[in-house]
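Presented below is the structure to which this report refers.
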Amino acid sequence: MDPSGRRRAMKTCAALALGLSGVAGAQPGRAAGKSVTVAQIVDTSLDQQDVAKDFLIGSRAAWQDINSKGGLRGRPVQHSTIEVDGTPASLRAALASIRDNPACVALSGTVSDPVASQLTALLRKETLGIAHVAPWLQNSSAEIDEQTFPIFAARQEQIAHALKSLSAIGLQEVGAVFASAREQALYRDDVARTAAALKLKLQAYQGNGDLARLGLRLTPATPAVLLFIGGTPELVQFTQGLDKQSRQRYVVALADVNPQTVQQMGGARSTPVIATQAVPMVTAGIPIVRRYREVLARLFDEPPVALSLAGFIAAHYTCEVLAEIDTPLTRASALAAFRKRATMDLGGYRVNFNADGRSATYVTQSLLTADGRVIG
Numbered sequence: 045m046d047p048s049g050r051r052r053a054m055k056t057c058a059a060l061a062l063g064l065s066g067v068a069g070a071q072p073g074r075a076a077g078k079s080v081t082v083a084q085i086v087d088t089s090l091d092q093q094d095v096a097k098d099f100l101i102g103s104r105a106a107w108q109d110i111n112s113k114g115g116l117r118g119r120p121v122q123h124s125t126i127e128v129d130g131t132p133a134s135l136r137a138a139l140a141s142i143r144d145n146p147a148c149v150a151l152s153g154t155v156s157d158p159v160a161s162q163l164t165a166l167l168r169k170e171t172l173g174i175a176h177v178a179p180w181l182q183n184s185s186a187e188i189d190e191q192t193f194p195i196f197a198a199r200q201e202q203i204a205h206a207l208k209s210l211s212a213i214g215l216q217e218v219g220a221v222f223a224s225a226r227e228q229a230l231y232r233d234d235v236a237r238t239a240a241a242l243k244l245k246l247q248a249y250q251g252n253g254d255l256a257r258l259g260l261r262l263t264p265a266t267p268a269v270l271l272f273i274g275g276t277p278e279l280v281q282f283t284q285g286l287d288k289q290s291r292q293r294y295v296v297a298l299a300d301v302n303p304q305t306v307q308q309m310g311g312a313r314s315t316p317v318i319a320t321q322a323v324p325m326v327t328a329g330i331p332i333v334r335r336y337r338e339v340l341a342r343l344f345d346e347p348p349v350a351l352s353l354a355g356f357i358a359a360h361y362t363c364e365v366l367a368e369i370d371t372p373l374t375r376a377s378a379l380a381a382f383r384k385r386a387t388m389d390l391g392g393y394r395v396n397f398n399a400d401g402r403s404a405t406y407v408t409q410s411l412l413t414a415d416g417r418v419i420g
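At position 302 of the sequence shown the residue is numbered 346 (the working numbering), and the sequence of numbers has no breaks.
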């Protein structure tokens, strides 16, 4: 199935998932105090809704679980989902709705990356005085100020993690495949900076519609290791083209890609794919991941995937910081609490901010083998 076809097919599912809002799983008698609102801005644009859907499912599962256990110090959390279409106008409208709702004390888990980047920049110009917590901010070049608190490794750290071991065994050049002109405009600086730091020669390739054709027409001079910047459907198309070539290549994909879906859609039949992610493996035995699997199985008919685990972690981090506030919970007190950027252990997932205002050291990776197995 082509990328636009898959995303059209997902649109109905995404609309169902994204259209639900209100108190996330509040139960009578468990969280009976006055509710507190946490808003999540979610990108429903055609090329980002698959990422947003998974991330939102994880966030929603977490808030429902939190409310079932008494909410935020006895107060239910109103998890308010605000949909945007990726345009500046829709994002400004979302912020206007938040400005008009004084009960909203924080923004948590903004997704997708382009929208998280736009929102980070827009909040610097606005006077909302609201914490922007745990966004899916993959853009390493985004300026981080005292309102935004990223807890997931950005693209630069993911690329470095994946390529470092390869450079140690003699890799001297890498290809960067951008799924479209938009990805190239947004992320070429991240890629170039990381390649330069690893002393790797970089060749760039831009997709334009049919990525299978791009995979087919790569020449023998193309590097054996290709870094892919794009979404899951585009990666499927690209590897389907590569699979028809005689030369073996390795593709490195980043955290927006779902390896299980690549396999299900018939991608990477003979091309190994190394996929990075900014959270632990969903099969890990650490407490936060075990809790995620149990809650997801109980509340949603969805398989565990890295992006929904990220959404789950984002919500729990937000809740943990808000729960430590011992003064009246307002936007100002919430923002002050997050500005401390305190080190925190979320059941084995460690949040530890660096001098740049990011907690960006946790990267894992899995291998999608040519015989269809996902090894992590």
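A virtual CB, placed ideally from N, CA and C, is assigned to each residue, including glycine.
Would you mind giving the Cβ-Cβ distance between residue i and residue j, rounded to the nearest angstrom? I have them listed as a contact below 8 Å.
i    : j    : result
F272 : V221 : 5 Å
L100 : V155 : 7 Å
G130 : S79  : In fact, because the Cβ distance is near 29 Å, the residues do not count as touching under 8 Å.
V218 : P303 : Rounded, the Cβ-Cβ distance is 20 Å, inconsistent with contact.
A83  : S124 : 5 Å
L476 : A105 : No statement about residue 476 is possible, as the shown extent of the chain runs from 45 to 420 and does not include it.
S103 : A358 : 6 Å
Q162 : P132 : 7 Å
G311 : Q284 : 6 Å
R291 : P267 : Rounded, the Cβ-Cβ distance is 11 Å, inconsistent with contact.
D157 : L181 : 6 Å
Taking the alpha helix (DSSP H) that residue i falls in, what are its first and last residues?
i    : result
I126 : Looking at the DSSP string, I126 is not in any alpha helix (DSSP H); the run it does join, the beta strand (DSSP E), is 121–128.
L181 : Counting along the chain, L181 falls outside any alpha helix (DSSP H), and DSSP gives it neither H nor E.
E217 : E217 -> not in any alpha helix (DSSP H); beta strand (DSSP E) instead, spanning 217–222.
P231 : Checking the sequence shown, residue 231 turns out to be Tyr, not Pro. From DSSP, the alpha helix (DSSP H) with Y231 extends over 225–241.
I369 : Premise fails: I369 is in no alpha helix (DSSP H) and is neither H nor E.
V295 : Not the alpha helix (DSSP H): V295 falls in the beta strand (DSSP E), residues 294–297.
Q289 : No alpha helix (DSSP H) holds Q289; DSSP gives it neither H nor E.
Q308 : 303–308
Kindly indicate the opening and closing residues of the beta strand (DSSP E) around residue i.
i    : result
S152 : 148–152
I273 : 269–273
Y393 : 393–395
M388 : 388–390
Does DSSP put residue i in a helix, in a strand, or in coil?
i    : result
D345 : coil
A138 : helix
A256 : helix
A265 : coil
S410 : strand
I188 : coil
T81  : strand
F282 : helix
S403 : coil
V418 : strand
L490 : The shown model of the chain, from 45 to 420, leaves out residue 490, and the question about it has no answer.
I330 : coil
G73  : Reliability fails at G73, whose pLDDT of 38 lies under 50, so the model's placement of it is uncertain and the value that follows must be treated cautiously. Three-state DSSP puts G73 in coil, outside helix and strand.
Q250 : strand
K97  : helix
I357 : helix
I318 : strand
L244 : coil
V155 : strand
D109 : helix
V323 : coil
L90  : coil
F196 : coil
S65  : Bear in mind that a pLDDT of 42 at S65, under 50, signals an unreliable position, so the number given afterwards is only what the model happens to contain. Coil, per DSSP.
Comparing C-alpha positions only, which one of the options sits nearest to residue i?
i    : options                : result
R461 : L258, A248, G274, S124 : Residue numbering for the chain in the displayed model covers 45 to 420; residue 461 lies beyond these limits and cannot be assessed.
A381 : D98, S156, I174        : I174
L390 : R342, Q122, R335, V418 : R335
K466 : A359, P267, L244       : The first residue shown for the chain is 45 and the last is 420, placing residue 466 beyond what the model contains.
A204 : S89, A150, D234, L351  : D234
D94  : V395, T305, A399, T315 : T305
K169 : D189, L298, D87        : D189
V317 : L181, V295, T164, A354 : V295
M325 : Y393, Q200, A358, T192 : Y393
D424 : D300, H360, I332       : Within the shown structure, residues of the chain are numbered from 45 to 420, placing residue 424 beyond reach of any answer.
T362 : D345, V395, V333       : V395
V333 : A248, G355, Q250       : G355
Q216 : S224, Q228, A223, A240 : A240
T81  : A150, A265, G329       : A150
L428 : L366, I85, W180, N111  : The structure shown does not extend to residue 428, since the chain is modelled only from 45 through 420, so no value can be given for it.
T421 : R383, A265, L172, A186 : Nothing about residue 421 can be reported from this structure: the residues present for the chain run from 45 to 420 only.
L351 : D87, K97, R237, V86    : K97
S314 : Q191, L286, S224, L172 : L286
Can we count residue i as close to the ligand MN, meaning its CB is less than 8 Å from some heavy atom?
i    : result
G355 : Among the ligands in the structure shown, none appear at all, so the ligand MN cannot be discussed.
TODO: Evaluate contact between the segment 314–321 and the segment 395–413, counting only Cβ atoms and requiring at least three cross-stretch pairs below 8 Å.
DONE: Contact holds between the segment 314–321 and the segment 395–413, because three or more Cβ pairs, one in each stretch, are under 8 Å apart.
Task: Contact the segment 279–288 vs the segment 247–258: 3+ CB pairs below 8 Å - done: Verdict: yes, contact present.
TODO: Take every Cβ of the segment 113–122, pair it with every Cβ of the segment 136–144, and state whether three or more of those distances are shorter than 8 Å.
DONE: The segment 113–122, when compared against the segment 136–144, does not touch it at the 8 Å Cβ threshold.
Task: Inter-stretch contact (C-beta, 8 Å, three-pair minimum) for the segment 190–198 and the segment 396–405 - done: In short, these stretches touch, since the Cβ pair count reaches three.
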